[in-house]
Every structure is written in structure tokens, then in C-alpha cells.
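Peer 1:
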Amino acid sequence: MSTLIQNVGMLDARKATREKVAEITKIRNIGTLIFNPDNKDLFQKVSMENVGSSLELDDDYALQTGNIHITRGMLEAAKPPMKLCLVGNISFADDITPELIQEKITGLVAIGNIKITEVLHAVLMATAKQVIGQISSSVKGEKSMTGKVELTNQFLEKLNDQTPLSVVGKLIFAEDIDPSLYERKILSLCVVGVIIGDKEQKDLIHGKLTDSSEAKIKIISKDTHYLNGDGKLDAFTLMTIDKPIISAAGHLFIQPDITPEILKEKNVHFESNGVTYFPKALMMQMAKLISSTSKGIPYDQDMFVVITGEQNMTNVRLAALKDNTVLVNLGDLEFAADAALEQITLKIGILDNYGEIQASPDICSILQSKLRQNEGDISSEEHEEDEEQFDHVIQNAGIYQL
Numbered sequence: 328m329s330t331l332i333q334n335v336g337m338l339d340a341r342k343a344t345r346e347k348v349a350e351i352t353k354i355r356n357i358g359t360l361i362f363n364p365d366n367k368d369l370f371q372k373v374s375m376e377n378v379g380s381s382l383e384l385d386d387d388y389a390l391q392t393g394n395i396h397i398t399r400g401m402l403e404a405a406k407p408p409m410k411l412c413l414v415g416n417i418s419f420a421d422d423i424t425p426e427l428i429q430e431k432i433t434g435l436v437a438i439g440n441i442k443i444t445e446v447l448h449a450v451l452m453a454t455a456k457q458v459i460g461q462i463s464s465s466v467k468g469e470k471s472m473t474g475k476v477e478l479t480n481q482f483l484e485k486l487n488d489q490t491p492l493s494v495v496g497k498l499i500f501a502e503d504i505d506p507s508l509y510e511r512k513i514l515s516l517c518v519v520g521v522i523i524g525d526k527e528q529k530d531l532i533h534g535k536l537t538d539s540s541e542a543k544i545k546i547i548s549k550d551t552h553y554l555n556g557d558g559k560l561d562a563f564t565l566m567t568i569d570k571p572i573i574s575a576a577g578h579l580f581i582q583p584d585i586t587p588e589i590l591k592e593k594n595v596h597f598e599s600n601g602v603t604y605f606p607k608a609l610m611m612q613m614a615k616l617i618s619s620t621s622k623g624i625p626y627d628q629d630m631f632v633v634i635t636g637e638q639n640m641t642n643v644r645l646a647a648l649k650d651n652t653v654l655v656n657l658g659d660l661e662f663a664a665d666a667a668l669e670q671i672t673l674k675i676g677i678l679d680n681y682g683e684i685q686a687s688p689d690i691c692s693i694l695q696s697k698l699r700q701n702e703g704d705i706s707s708e709e710h711e712e713d714e715e716q717f718d719h720v721i722q723n724a725g726i727y728q729l
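Have a look at this one:
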């Protein structure tokens, strides 16, 4: 039997027998390959293509993935000795002692960024077999949070004075933050992700950021209505907005039910970090209302299709499109293998691609000629025939254990 393994984030092959490895003909597009000291030599005979990293790991290491926050309670309840392989952003609570680390953890492999108190740094490094990522020091009393965090006055009131705040994700400053309360409660900010605040809060944000922050900062004004990500704006939503500026973090799609009269009544201005798409009927108004730093593209309602999520383009769907349709792809679009080349040429006039497109090499060639905006990826199924040579194909998995 011949086996192909492809498109796997982490391939854990520590328990793979000699016979199992002998069946593997090719490994490709693997983030991390893990093997043990006994079978690592067997993989020298396997054809490998695009393997990000390889890791030798004993069988007694427990594998855990995702954002991991290790608390004192977790360690105290665990049975020693522990050997851990942690994949993701890793943080340790500041009440963990060096003695507890030494007692409970006898081996550590970390693939990702580690945040740890200075007093634990030395003992953790002595315990670590391998660390792939950055190590930064947290300070005593630090409050660590993940995901979306809204910094409000109520949130600040619950913190101890001079709290170091660490966020992995998105930190949003409320418009009515009390600067004096913020100065009293926040000692420092360490953010890995995005910070959103208004122009008046710029000094507050930058004044507390630490050197270890890896944040993209989006400064918006108080008179701006902010749309996170790619935003669709219809007439009803527009009428409920009471701010003079509408800003989108991604692309902005003005819906056809918004009329010149509504725009005149609201007198709003538009900006986006991507492209602002609007109906052709609004061209005169949008020329005055769109920001000079934003790109605007008019569209014909009957010949404009936006793809989101995972979708397939079949011959039936192609036939339903108007000739010379403008296709905007924001998601994962796959063209059927038997999609007629003549139909694609006729039906798709312009392609704006911001996502992922998979198709046959011939279809890819046509799509490339239709591109107007290309911030995504168009890839051909070039390995499809190759896969037919294998008796068994293992593919498309975050983690797979042999």
C-alpha cells in the first residue's frame, strides 16, 4: 500500500510503526512533523515536500494545542512527573512558584509564544527541551485576558490600582473612558492583536504600551461609526447611525436599497481599509462622500455577486449568472472540475479576489485573466492526478496522529 499525507497542521507520528511508515510514500504541506527517537530514521526514506519543521519527541510527552493559560491550581492537581508539548500562545499565572514547576514538570516543549514571570524564567528554561517562539516576562499582579476585551470605566473599577494588563486578541477602548481612572488603574498594556480607540485616546494607548506588544492600532474619531471586518450597509442600518462618518475595517458594500435621497438626508461620509463598493446609481453622491484615502468601485446590481464562506461554482450556478458578471470573492471558492471553460469566459467579466480560489489549471488561467483586485490566492488542483497514484490519502486536518 502507498499512502500520501498532505495539508496537515501537525502530524504526530510518534506511535507509527516501522510497517506504517513503510507505507508512506510522500508527505507534503505539513506544519510540524513529530517523531520519536526510535522511528525518526525511518522518515529519511519518505519523500517530503514543504514540511515547516520537524520535532523529535518521546512518547511520554502529552500534546496540547490552543491558547493555554497554566494556573497554580492546575499544576497542584496534576500528578508528576509531567512532560508537556504545548502548541499555541502559552502563559503562566504569576502565583506559580519555581518549586512547583520543578516538582510537577520534568520536560517541556513549546511551539508558540510564552509569557512568564521573571522569577520562573530560569527554572522554565532549565525544564524546556525546546522552545520555538518568543519568551516575554510578565510582571506580578498582571491580568491576562484572551479574545475581545472592552475597556470600560466599569471594567477599570474592578481592577487593582496600577494593574499590568495583557491581552491576546482585541482590546477596544470605550468612548467615555475616564483618563484619570485609566491612569490610576493601568500600569502597562501588553497587547498581541488589535487595539481600537478614538483619536483623543491616542496618547492614553501609546503611553502604556510595552515594548513586547505586537498590536495593530486602529485610531478612530468619536464621530465615526466603526464596522469591524467586511461590512454590508443597508438603508435601515444607515438610518439608525447617528455619526457623520462610517468606517469599515475591511471592505464596505453599500446595498442597492440606499437611494440618493437617503444619502442626502443622512449626509454621511464613508471610508474603508479595503474597497468601498456602491451601486452605479449613487456615483454622483459617492464621489463627494467617499474619503480621498479610500478606493471606491461602482457596480451594477444585476451583474454583481459577492462570495462569502465556503462555496462551490458549478455549471448550473454559472448558467444562472448574467454575462460579464463582476465576481467578488471574500471566502473559499472552489470551481467544479467539469465547469465549462466557455461558460466561465462568458459569465465572469471581472474578478476581485480577496480570498482563496481552487480550480483546475485551465480554469485558473482564465480566472487570472479576469482579475482586477488580487489580494487572495488562486491555486490549481495540480496534485489531483498525483493523488490517484496512491492507495490511501490522508489530508486536510489540523492535527493527525499516525
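By the count of the working numbering, the sequence shown reaches residue 729 at its end, each step adding exactly one.
Don't be surprised by glycine CBs; every beta carbon is placed ideally from N, CA and C.
#1: With DSSP run on the structure shown, which of helix, strand or coil describes residue 682?
#2: Out of curiosity, what's the CA-to-CA distance linking residue 542 and residue 536?
#3: Taking residue 441 as the reference, give the member of 425, 427, 460, 532 with the closest Cα.
#4: Less than 8 angstroms separating the beta-carbons of residue 444 and residue 409?
#5: Between the beta-carbon of residue 560 and the beta-carbon of residue 544, is there less than 8 angstroms?
#6: Residue 482 lies in the alpha helix (DSSP H); which residues open and close that run?
#7: Put residue 550 into one of helix, strand or coil per three-state DSSP.
#8: Please look up how many angstroms separate the CB atoms of residue 529 and residue 546, rounded, as I've assumed it's under 8 angstroms.
#9: For the beta strand (DSSP E) holding residue 425, just list the boundary residues, first then last.
#10: CA-CA distance, residue 512 and residue 487?
#11: How many angstroms separate the CA atom of residue 591 from the CA atom of residue 657?
#12: Under the three-state reduction of DSSP, which class applies to residue 500: helix, strand or coil?
#13: Nearest-angstrom Cα distance between residue 350 and residue 339?
#14: Scan the region 629-686 and note each continuous alpha helix (DSSP H) run of 4 residues or more that stays entirely inside, going in chain order.
#15: Since residue 572 and residue 551 should fall inside the 8 angstroms C-beta cutoff, what is the C-beta to C-beta distance between them, to a whole number of angstroms?
#16: Which stretch, first to last residue, makes up the beta strand (DSSP E) that contains residue 400?
#17: Out of curiosity, what's the CA-to-CA distance linking residue 413 and residue 458?
#18: Return the CA-CA distance between residue 503 and residue 478, expressed in angstroms with no decimal places.
#19: Using three-state DSSP, classify residue 717 as helix, strand or coil.
#20: Please report the distance separating the alpha-carbon of residue 577 from that of residue 603.
#21: Taking Cβ to Cβ, would you say residue 377 is nearer than 8 angstroms to residue 394?
#22: Taking Cβ positions, are residue 718 and residue 330 nearer each other than 8 angstroms?
Peer 2: Let me spell this out:
#1: coil
#2: 9 angstroms
#3: 460
#4: Going by C-beta atoms, residue 444 is not nearer than 8 angstroms to residue 409.
#5: no
#6: 480-484
#7: The answer is coil: DSSP assigns residue 550 none of H, G, I, E or B.
#8: 5 angstroms
#9: From DSSP, residue 425 is part of no beta strand (DSSP E) but of the alpha helix (DSSP H) over 425-431.
#10: Approximately 6 angstroms, taken between the alpha carbons.
#11: 30 angstroms
#12: strand
#13: 16 angstroms
#14: 642-647, 668-674
#15: Indeed, because the Cβ distance is near 4 angstroms, the residues count as touching under 8 angstroms.
#16: Careful: residue 400 lies outside any beta strand (DSSP E), inside the alpha helix (DSSP H) at 399-404.
#17: 10 angstroms
#18: 10 angstroms
#19: It is coil, neither helix nor strand.
#20: 9 angstroms
#21: Not closer than 8 angstroms, so no.
#22: Taking 8 angstroms as the Cβ cut-off, residue 718 and residue 330 qualify as a contacting pair.
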